[in-house]
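Below is one structure; the comments refer to it alone.
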Amino acid sequence: MQFALTDVPRILPEILLLVLALLVLGSDVFERWANTDAARTEQHRASASLAALGLGMILIIALIQSGYVYRLPDDAPINFLTNIVRNLQNGGPASELATTPILGAFATDDLTMIGRLVVIAAAFLTVLLTYDARPTANPGEFYTLIIGSTLGMCLMAGSSELIMTFLAIELTSIPLYVLAGYFRNDRQSTEAGMKYFLFGAMSSGILLYGMSLTYGYAATAAVTQGSTGNNLTQFERIRELVAQAGEPTVLLTLGMLFLIAGIGYKVTVVPFHGWSPDVYQGAPTPITAFIATASKVASFILLFRLLTTTFPVLTGAADVIIPVEASTFTGWTSLLALLAFLTLIVGNLAALPQTNAKRLLAYSSIAHAGFLLMGLVAWSASLAMDREAGIASLLYYLVAYTVMNLGVFGVLYVVDQHTRSDEISVLNGLARRNLGLAVLFTIFVFSLAGIPPLSGFFAKFYVFMAAWQAGAEWLVIVGLITTIISLYYYLRLLRAVFIVPPDTDAPIPTPRWMATSLVLSALLVIVLGLFPNIILTIIDNVQAVAGR
Amino acid sequence: MVPISYYIMLSAALFTLGVLGVLIRRNAIVVFMSVELMLNAANLALVAFALQRGGIDGQVLVFFVITVAAAEVAVGLALLVAIFRNKRTADVDEVNQLHG
Amino acid sequence: MLELIWLIPLLPFVGFLLNALLVGRIGDAHTQERSAGYVAVAAVAAAFVLALVAFVQLGNLPEEERLVNVNLWTWINAGDLVVPFGLMFDPLTGVMTLLVTGVGTLIHIYSIGYMHGDSRVVRYFAYLNLFITMMLFLVMANNMLLLFLGWEGVGLCSFLLIGYWFERKSASSAAVKAFVVNRIGDAAILLAMMTIFLQFGTLNFFDMILDGAEVIGFVENAGAVAQQIVSVPGQDFRIGTIISFLLLIGVTGKSAQIPLFVWLPDAMAGPTPVSALIHAATMVTAGVYLIARTHPIFTDTTLGLVTWIGALTALVAATAAVAQWDIKRVLAYSTVSQLGYMVAAAGMGIYVAAIFHLLTHGIFKALLFLGSGSVIHGTHDTQDMRKMGGLRTAMPYTFVTYLIGAAALAGVFPLAGFWSKDEIVGHALTHTIPIFIILFLSSLLTAFYMGRQLALVFWGEQRDHSYHAHESGAVMWVPLVILAALTVVAGGLNLPGSHWLTDWLFPVMEEEAAEFKIVLGVVATLAAIGAGFGGWYLYAVRWAKRIKVDAKDPLYRGMGDIWDTMAEAWFFDTVYNKTIVPGYRSVAGFFAQVFDPEGIDGLVNGVGRAFGWASNGVRFFQNGYVRSYALAFFLGVVVIVGYLIVAL
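Take a look at the structure:
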């Protein structure tokens, strides 16, 4: 397998992200000496607008390439424009090429494409949020790190090989450590960076150990089967070896477990979640939004691809947590069902007594990881159709989750810019201080709480449905109960906004680009709730990929 | 040739030591070193399996890991410096403003 | 024209948008208040006219064609799950739509007077219009999912409107309570939907054409599937029983039945027109509508349960209403009690009677609430009946209309309440004797507490002179008069002999008209008048001197603890507060502490000692948080690995 020239358009979004990262970094060189406030603001906005424009363009290019919005017909007239589109779409998920991963390491199928689109869109909205913010130190570096991390997430979404997986995760994480601790003089921010780093480094140790065990299993199996070739780190290849070897061994199961733990920390699954409330609270708010959304989306897609392509033998059943006979371990779906259960309980209950809005939302985001896991758990269904419903619900949930969380953290950021605090009490009387912002906030919070017709409702409904069909009824009931509990803390936020009188009636301004970002998110929350078909038809494509 | 299981046992022991170090030590630098120990334990296992198989994919992964680990430590140390300037300590237990 | 029924919910929605986005930005406060009121009234009135036109057109169709589905777009199309964003119009939906928009219009008009001078009146009208929209979605939806949208939507508006006067602490906690209690029911509805989808493969009510393809509806095909048996370990259930039981839980939440009725009396913290519209005439009847809509899926097992829940709720709430001092709380418990009648009727399988009572109750309870609003308005926000008295001279219109409403509620011939309640009680006699006794007893209590209330409010002397009582303006009493007139004639909907409603609903319910029992009618009226007169006599004549501000009720002397039990609605709230709420709080606190640093610290402190001695570096009690997280992480891994080792 060689890298061919035709593979270049397949990784065009990644290449462009790399170029953009370098451009943004370079742009900073010419504006180093900003000593006055005005100059600092100008410098900040220059970098921000470059990053936003670039990310916007890459998003559009990726959209064209995906063919989801417009697919060039085969008999289209040949001219300059159609040539560009055709070449782009030839590298897209619908082309012949997309059926095999590049060098066995990077798949460019629909799953990757959806991951890319969500991640790049999240990065775009995040950058838009920061445009009007108080200037950061060295803005060029700030945005370079965001873009670099986005690149890592795109790679995560498409990774189909262990080395690539490790590199992609590290490329995502290392910039995020720096970003979380970006305000060097702010104690909370540095603390968040430090905690994130320590926890992340440790988790990558676990992840790598899991890889070594999995690789070890594959290597041993390859020796006994006498196969050759340096491709034992590819997901597909490991699966074949496992299938040929017949019985999976303890070594493989342990490897899988460590891999789940290593990625589980990124998706904030209990008990691997310890870092997240602290980091979410301490990190700069737009970075919190970015970590909470994009990083989780990429990790979930990676987790899904890894588990379904590498370990189909160990799928198991979700309706049994305690095996009937002591000698049956029922596989990763039952493990994930158990983790989902813990995550739902801990996330929702721990959110109840919080007084810091960001921290409360951090726990809410942990709880959402539990709902998301239910989509993966649905993979235990015996019918292919039900499994497909699982992945479709997972992807829909990821999209909905991303927009509503970006929005809700965005509102907190706007308030934080004005009041320099993110306690729940600063939201008091927001409805009087800025009604528009309060309405946006309400939309996001209701969507998080799962109230129709917002997208958060349909996401939950679909995930519950998928898990129910897969036989995890007990988990659905736990999910419903925790949904009721969650309402309590979401209403606490709204109570502050609408009911508690504020200390001051001074209006809170919403700068233009922040408002744009929030309104875009809110529109998506509503539109995707009223017309979920828009993405469901796209997600249908994935099912062909996932059904392999 | 040394049997493969010896390598694996050594690797497991090193990994456990690394984990214990992370859990027990309070000095951030020592914690970093313990994390390195974990990574290298995994590296050892990878190299050993690759040797057994006669392939190179495991070894390639090890090279990447070494490189990435260096980058990671650089970031970690930078964060540590930032913390140190604020708090005058490298004790991870002192970093506990965020909780609840 | 019938394909344009989507305009009916759209119009109030446009009103909502106008009020939410535009009206707040024009002119001074006065202009804003006026235009908000006009916009809101115009939107709902237009929807009423449209609904009327649609209703007449539906009547012109042959009987078997009286079911119109209008699918606006395919809402969800995910594998098997195909749900249209679709509305329907059939005889049942038609009467519900008329009730919602008709009573809604009157209450909107009334609100202009009642809310005059309120500082956030634009928002009030916006919420009210949004409520009408959502309620229309609820009754017009042609599938469960859209119904659920309306179901949640009305809950949301109810939340916003109960907490409307958020300066009052009771209002904001009542709002949260209402929402959370309702959410318990909603979770059951969600489960019911999943079960329905799994069993029938559809969420639509009736067969229809969608995107050129035939799709089936579960109500239409309920018969055979509902009777199938599934085995849950240890017990066999019919599918219909499971689904209908889940639906019933949802109904007890929204329609305020035992055990989830506790939110409704507290919901009276909202403005009175809201209580009239949402918590008496429309939203709380959604549960009854849901049972009527999906009735083929209910099996005998559940129906028995439905009957008992309804009857017991009727009794419990009626006794509670006897022992209240707050003019609105009397009506609130009375609403719970009347909803109990409707639910019991549905449980006994006389759905037409349930809907009939729903309609008449919607009218006369709206009248009573608006009347009480007029009293509250005229006495400058007094709600304690002990501070009132003798208002019949000061507020003549209110008095007369209130009297009519009260008589209707008590079931006096020939007012609306007589006909509808008599149908239910009469059927109970042939159904189950204990149910009949409970319902009859409740109707005596109903008459009694209404007599008591009339006596306390309108008779005797004014007991508190801190205000000057006056009649409300025309914008408020005109709706009262209209509603009073409707109360007099609404019985005509389903008079014995003509039974128009039974015939009209026949395509939906397929039910024969009930036989009218003249003896029972006479006895019931006499009993109602007797009990009402008794209540009036005791409080207006016999004990008139004993009623003082902050005094105990004269009946308290004889009854003591029983009276307290009644006043507290048999202590449902207290039990919940003593059992569920603290448990919930302590569990939450436990998790917040155990899974969060301080709690993990406690854990680590123990383990840390062992590690501390071994490492010689860690001091006791000084454990870092990051390491605690790491410990949790590794403990998690170790536990799972340990489990694996045991399992393999």
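Chains as they are written, first to last, in numbering that gives the first Met the number 0: chain P, 0 to 547; chain X, 0 to 99; chain D, 0 to 647.
Idealized CB from N, CA, C, for every residue including glycine.
By the 16-neighbour rule on beta-carbons within 10 angstroms, residue 73/P is exposed. Look at the region 0–39 of chain D and you find these whole runs of alpha helix (DSSP H), each 4 residues long or longer: 6–16. For residue 451/D, same chain residues with a beta-carbon under 6 Å away, outside a window of 5 residues either side, are 534, 538 in chain order. Between residue 540/P and residue 92/P, the beta carbon gap of about 7 Å places them in contact (Cβ cut-off 8 Å). For chain P, the residues of the region 73–85 of chain X that bring a beta carbon within less than 8 Å of one of its beta carbons are 74, 75, 77, 78, 79, 81, 82, 84, 85, in chain order. Residue 336/D and residue 313/D do touch by the CB rule: their CB atoms are close to 5 Å apart, below 8 Å. Separation of residue 478/D and residue 108/D (C-alpha to C-alpha, rounded to the nearest whole angstrom) is 7 Å. Residue range 67–77 is occupied by the beta strand (DSSP E) that includes residue 70/D. In the DSSP assignment, residue 237/D is bridged to 228/D. Between residue 304/P and residue 392/P, the C-beta gap is not smaller than 8 Å, which leaves the two residues out of contact. For residue 193/P, the number of other beta carbons within 10 angstroms of its own is at least 16, and it is reported as buried. Contact of residue 487/P with chain D is assigned, a C-beta pair being separated by under 8 Å.
Neighbours of residue 167/D across chain X, judged by C-beta separation under 8 Å, do not exist; the nearest C-beta is about 31 Å away. Assigned with DSSP and collapsed to three states, residue 17/X falls in helix. Using a CB distance cut-off of 8 Å, residue 66/D does not count as an interface residue toward chain X. For residue 258/D and residue 318/D, the gap between their C-alpha atoms comes out near 16 Å. Per DSSP, reduced to three states, the secondary structure at residue 85/D is strand. Near chain P, meaning a CB-to-CB distance below 7 Å, the residues of the region 136–166 of chain D are 147, 148, 151, 155, 162, 165. Annotation: residue 85/D to residue 525/P spans about 18 Å, alpha carbon to alpha carbon. According to the DSSP assignment, residue 206/P belongs to the alpha helix (DSSP H) that extends over 186–224.
Counting C-beta atoms within 10 angstroms of its own C-beta, residue 359/D has 16 or more neighbours from the protein chains shown and is therefore classed as buried. Residue 140/P: member of the alpha helix (DSSP H) spanning 138–157, first to last residue. Residue pairing of residue 207/D in beta bridges, as defined by DSSP: 214/D.
Under the DSSP assignment, residue 448/D falls in the alpha helix (DSSP H) whose first and last residues are 432–457. Residue 378/P is classed as buried because its beta carbon has at least 16 other beta carbons within 10 Å across all chains shown.
By the beta-carbon neighbour count (other beta carbons within 10 angstroms, threshold 16), residue 551/D is exposed. The CB of residue 55/X comes closer than 8 Å to the CB of 229 in chain P, given here in chain order. Looking from the CA of residue 439/P, the closest CA among 419/P, 375/P, 518/P belongs to 518/P. As for any alpha helix (DSSP H) of minimum length 4 sitting wholly inside the region 29–105 of chain P, the runs are 36–65, 79–89, ordered along the chain. By the Cβ neighbour-count rule, residue 256/D is buried, with 16 or more other Cβ atoms within 10 Å of its own.
Check the Cα spacing between residue 81/P and each of 90/P, 89/P, 71/P: the tightest is with 71/P. DSSP places residue 165/D outside any alpha helix (DSSP H), giving it a letter other than H or E. In this structure, DSSP gives residue 108/P a state outside helix and strand, which the three-state scheme calls coil.
Taking the beta carbon of residue 629/D as reference, the chain X residues within 7 Å of it are 21, 22, listed in sequence order. Taken in chain order, the members of the region 524–537 of chain P whose beta-carbon sits within less than 9 Å of a beta-carbon on chain D are 529, 530, 531, 532, 535, 536. Near chain P, meaning a CB-to-CB distance below 9 Å, the residues of the region 191–206 of chain D are 192, 193, 194, 196, 197.
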